[in-house]
Amino acid sequence: MKILLTGFEPFAQWKVNPSEQIVRALAKSQPSDYALIAEILPVDYVQAGSRIKLLIQKHKPDAVLCLGLAPERRSLSLERVALNLDDAPLPDNSGRVRIGRHILHDGPAAYYSTHPLNKLLSAFINKNLPATTSNHAGTYLCNHVFYLARHEIERMGLPSPCGFIHLPGMPSARGKQKRLTLRDMTKAIELCLDALSRSRKRPIP
Ligand code: PCA
Numbered sequence: 001m002k003i004l005l006t007g008f009e010p011f012a013q014w015k016v017n018p019s020e021q022i023v024r025a026l027a028k029s030q031p032s033d034y035a036l037i038a039e040i041l042p043v044d045y046v047q048a049g050s051r052i053k054l055l056i057q058k059h060k061p062d063a064v065l066c067l068g069l070a071p072e073r074r075s076l077s078l079e080r081v082a083l084n085l086d087d088a089p090l091p092d093n094s095g096r097v098r099i100g101r102h103i104l105h106d107g108p109a110a111y112y113s114t115h116p117l118n119k120l121l122s123a124f125i126n127k128n129l130p131a132t133t134s135n136h137a138g139t140y141l142c143n144h145v146f147y148l149a150r151h152e153i154e155r156m157g158l159p160s161p162c163g164f165i166h167l168p169g170m171p172s173a174r175g176k177q178k179r180l181t182l183r184d185m186t187k188a189i190e191l192c193l194d195a196l197s198r199s200r201k202r203p204i205p
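Numbered as in the working numbering, the sequence shown ends at 205 without a single skipped number.
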């Protein structure tokens, strides 16, 4: 059983990306139930797109979990949908801005996550980890990678569940609001990987 886990490098004013830190931490652990392929993707539409496709082609993973930071959110967001759309005023790390552009001209308008979202949500809630489902992964890099990962899985005819989780912004030293710590987020992603390693059936979205 091989699971592909990806995070992103920092971008814009966020100098630390928890998705990168979590992927690096989990890459060091040696899970016994599955092999982890851990990768950090660049915040670059062109490079991240080709990297995720190549990783899926090369490893043919049994499951794919992509992570990214959504600084304004307060809980773990299990994304339901990836849109065929790049549309963000924020430049990528190479300075590219994409407004109102299809990711793939001949691709479907959207793909659903094929993760067992309700099961993952209950696993998080049972451990007191604040989590929710989300119907919008944005129209920036996270959505871009999620869409292309789902497309590649479909194109190759793989039965592998593939989904995306947005991580909330991390607590700041002076912040008053209670936020999920990096440790809790890492625990949540570990739970998710365990659940994915146990369920390989395609759920109905
Ligand atoms: N979050 C951004 C891109 C990289 C990341 O970690 C997003 O939500 O699209």
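Glycine residues also receive a C-beta, built at the ideal position from the N, C-alpha and C atoms.
A quick note: this is a predicted structure, and the numbers were derived from the prediction, not measured.
Quick one, what's near the ligand PCA if you take every residue whose CB is closer than 6 angstroms to any heavy atom, in chain order?
Phe-8, Phe-11, Asn-17, Ser-19, Val-43, Gly-68, Leu-69, Ala-70, Gly-138, Tyr-140, Leu-141, Cys-142
Please give me, in chain order, every unbroken run of the alpha helix (DSSP H) with length at least 4 that falls completely inside the segment 32 to 73.
Counting whole runs of 4 or more residues, the segment 32 to 73 contains the alpha helix (DSSP H) stretches 45 to 59.
When you compare each of Asp-194, Tyr-147, Lys-178 to Arg-80 by their alpha carbons, which one comes out closest?
Here residue 80 is taken as the residue at index 80 of the sequence shown, counted from 1. Closest option to Arg-80, Cα to Cα, is Tyr-147.
Please confirm if the segment 156 to 170 is in contact with the segment 8 to 21, defined as three or more CB-CB distances below 8 angstroms between the two stretches.
A contact exists between the segment 156 to 170 and the segment 8 to 21.
Tell me Tyr-112's beta-bridge partners as DSSP assigns them.
Within the sequence shown, numbered from 1, the residue matching residue 112 stands at position 112. DSSP output for Tyr-112 lists Val-81 as bridge partner(s).
Considering only their Cβ atoms, is the gap separating Leu-65 from Cys-162 smaller than 9 angstroms?
Translated into the one-based positions of the sequence shown, residue 162 becomes position 162. Translated into the one-based positions of the sequence shown, residue 65 becomes position 65. The beta carbons of Cys-162 and Leu-65 sit closer together than 9 angstroms.
Where does the unbroken alpha helix (DSSP H) through Phe-146 begin, and where does it stop?
The sequence position of residue 146 within the sequence shown is 146, counting from 1. Boundaries of the alpha helix (DSSP H) around Phe-146: 141 to 156.
Buried or exposed for Ile-99, please, with buried defined as at least 16 other CB atoms from any protein chain shown within 10 angstroms of its CB.
Counted from its first residue, the sequence shown places residue 99 at position 99. When all chains shown are included, Ile-99 counts as exposed.
Consult DSSP for Lys-28 and reduce its assignment to one of helix, strand or coil.
As a working note, residue 28 is residue 28 in the sequence shown. Note: Lys-28 maps to helix in three-state DSSP.
What is the rounded straight-line gap between the Cα of Phe-164 and the Cα of Thr-114?
Within the sequence shown, residue 164 is the residue found at index 164, counting from 1. Within the sequence shown, residue 114 is the residue found at index 114, counting from 1. Near 10 angstroms, if we compare the C-alpha coordinates of Thr-114 and Phe-164.
Please name the residue in Asp-184, Cys-192, His-151, Ile-52 whose C-alpha comes closest to that of Asp-106.
Working through the sequence shown from its first residue, we reach residue 106 at position 106. Of Asp-184, Cys-192, His-151, Ile-52, the residue nearest in Cα terms is His-151.
Quick check: what's the CA-CA separation for Arg-51 versus Ile-153?
Walking along the sequence shown from the start, residue 51 turns up at place 51. Walking along the sequence shown from the start, residue 153 turns up at place 153. Their backbone Cα atoms lie some 14 angstroms apart in a straight line.
Considering only their Cβ atoms, is the gap separating Leu-121 from Leu-78 smaller than 9 angstroms?
Taking the first residue of the sequence shown as 1, we reach residue 78 at position 78. Taking the first residue of the sequence shown as 1, we reach residue 121 at position 121. Against a cut-off of 9 angstroms, the Cβ pair of Leu-121 and Leu-78 comes out as a contact.
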